[in-house]
Each structure stands twice: as structure tokens, then as C-alpha cells.
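Novice:
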Amino acid sequence: MLVLEKIIASLVMPPGLFILLLIILTGYLFKRSKSGIIKLTALFMLFLCFFLSTAFGVQLLLHPLENYAEKISVNPFKRYPIVVLGGGLNYYSDNEVAPSLHSIQRLVRGYQLQRRLKTPLIYSGGVAIGQEKISEADAAEDFLESLGMNKEFYISEDRAQTTFENAAYLKKWLEENEVEKVYLVTSAYHTLRAAAVFKAQNIDFLAVHSGFIYDHQFSWLDYLPNRGALSANLAALHEWVGLFWYYIRGRI
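Listed below in C-alpha cells is the structure:
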């Protein structure tokens, strides 16, 4: 009964519901339409939605990114400054914000390192596009203070709005303070792009990923449409597109 409930739930809630509707629409078009282009388009959209909503997409889009992060990440023991890259904010009002879940994951990992190594933690994140007041770095400072971090160890970089700007602004600070090497903390799925940008800026770093965003060992449920896989695949797709964009712009 539980198995049946899981299958039904995956089909009556998005994204499974949308895929079910696409199956019905595709069947109708194959029966009624005489246009081969329309039929192929419907079939492609059905395949794309299913791929992005299941573990099939995770295996091809997300896992290569996270496996790379796992491969290059180190277990820190030397006392280098810790750079944590912003992962977004949740805005509740003009004066109330909180780090996103991805940002919290990165901040917690950075704070764990800071407590152990007793070195400065630099958080890089500016004001989000479309917002006007509180930067990611300001929100991160409040969050770290709530965890008990000594503010004397916190350094704010509150201008960067992209990964490229993270590296550019941090490079200037590192040069001014004669810092030769840092730990670079970000989500596993974001490590490849961040590493490529930092290498292009000639910043010497050791990568430390803050964790995965989806399973690396699947059950049969992961091959049913689910919002977790869709969210993870969209994050991964964003990274691949970002890598391509930075490549054609000459930033990596």
C-alpha cells in the first residue's frame, strides 16, 4: 500500500502532474496532429520534463559536478583564511532577510573550519539584483554571530553579485593584505565553476565543498518524478550554462 501511495503522490503533485498532463497531450497530438514537427516537439518536451524531474537527470547533470568537488576538496589543517561564497538570501521584508538554505550550508561549513583553525572568515556576497538594502555579507554576519562566532574574525565582502565578481573583489583584498592562499568554501555543485573562475584570476586556493544537494545512492523512488530531483537538476543546469557563458566571455 505504501508503494502505491508513493507512486500516486508522484503523479498528482508537480512535477509529476505536469508530466502526466504532457503524456496525455502527447498522446492526443500523435493521434490527431498530422505535423511531424508538432509530434516531435511534444515528445521532446515530455522527455525533457521527465529527465529533469528524476534521478536520470541527476546522474548526468549533478553528479559530475559534485563528484569533482569531492575529488578536489581537502581536509583543512593549515591556518589559511577561509573564503565562503554567497548562495543567496530569502527576503521577508525591507529589513528582514535570512541566508538561503544553500548559503546556510556553506556558512556552517565555513564556521566549522573557522572554529578549528582560528583564522579569518571572509564572506563574499552583495545586494541581490532587484533588492536595495541588505547584502548577503550583512546577513551572513548576523547568522554567524547567532552561532557564536567572534566578530573579530569576520570579514565582509559586500559588493559581489556573481561568481566572477566574488573572485575579482576577493583578489583585490588578498593582494592588499598579502594573503597567499585561502580555503574556498562553496556548495559541491558550485565548486567546478568557482574553482575555474578563481584559477583564471590566479588565486591560490584549496577547495572545501559544503555538501551535496541530492542523493548519491538511489532508490527506485528517485526514478519517479519528484521536486527534489527537479530542484537539483535546475541548479546543476544553471552551473553548466554558467560555465559555458564564462568560457565564451573569456572569464575561465
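Number 1428 in our numbering belongs to position 112 of the sequence shown; there are no gaps in the numbering. Don't be surprised by glycine CBs; every beta carbon is placed ideally from N, CA and C. Note that this is a predicted model, so its numbers are computed, not measured.
Quick one: what does DSSP say V1390 is sitting in, helix, strand or coil?
Specialist: For the purposes of this step, residue 1390 is taken as the residue at position 74 of the sequence shown. DSSP places V1390 in coil when its eight states are reduced to three.
Novice: Quick one: which unbroken beta strand (DSSP E) runs of 3-plus residues sit fully inside the region 1461-1548? Chain order, please.
Specialist: Segments of the beta strand (DSSP E) lying fully in the region 1461-1548: 1470-1473, 1498-1502, 1521-1525.
Novice: Can you have a look at E1452 and say buried or exposed, based on whether 16 or more other CB atoms are within 10 angstroms of its CB?
Specialist: Here residue 1452 refers to the residue found at position 136 when the sequence shown is read from its first residue. E1452 is buried by the Cβ-count criterion.
Novice: Counting beta carbon pairs with one atom in the region 1376-1396 and one in the region 1516-1531, are three or more of them shorter than 8 Å?
Specialist: Cβ pair count under 8 Å is three or more, so yes.
Novice: Near E1305, which residues of its chain fall below 8 Å by C-beta distance, leaving aside the five closest residues on each side in sequence?
Specialist: The question about residue 1305 has no answer, for the chain in this structure spans 1317 to 1568.
Novice: Reducing DSSP to helix, strand and coil, say where P1330 ends up.
Specialist: As a first step, residue 1330 is located in the sequence shown; it is residue number 14 there, counting from the start. Looking at P1330 - three-state DSSP - the assignment turns out to be coil, as it is neither helix nor strand.
Novice: From the DSSP output, in three-state form, read off N1383 for me.
Specialist: Position 67 of the sequence shown, counted from the first residue, corresponds to residue 1383. Here N1383 sits in helix by DSSP.
Novice: In terms of residues, what are the limits of the alpha helix (DSSP H) holding V1424?
Specialist: What you label residue 1424 is simply residue 108 of the sequence shown in a count that begins at 1. Run containing V1424: 1417-1433, per the alpha helix (DSSP H) assignment.
Novice: Would the beta-carbon of G1442 fall within 8 Å of that of R1475?
Specialist: Numbered from its first residue, the sequence shown carries residue 1442 at position 126. Numbered from its first residue, the sequence shown carries residue 1475 at position 159. Taking 8 Å as the Cβ cut-off, G1442 and R1475 qualify as a contacting pair.
Novice: For a test of the three-state rule: what should DSSP assign to A1444, helix, strand or coil?
Specialist: Here residue 1444 refers to the residue found at position 128 when the sequence shown is read from its first residue. Coil, per DSSP.
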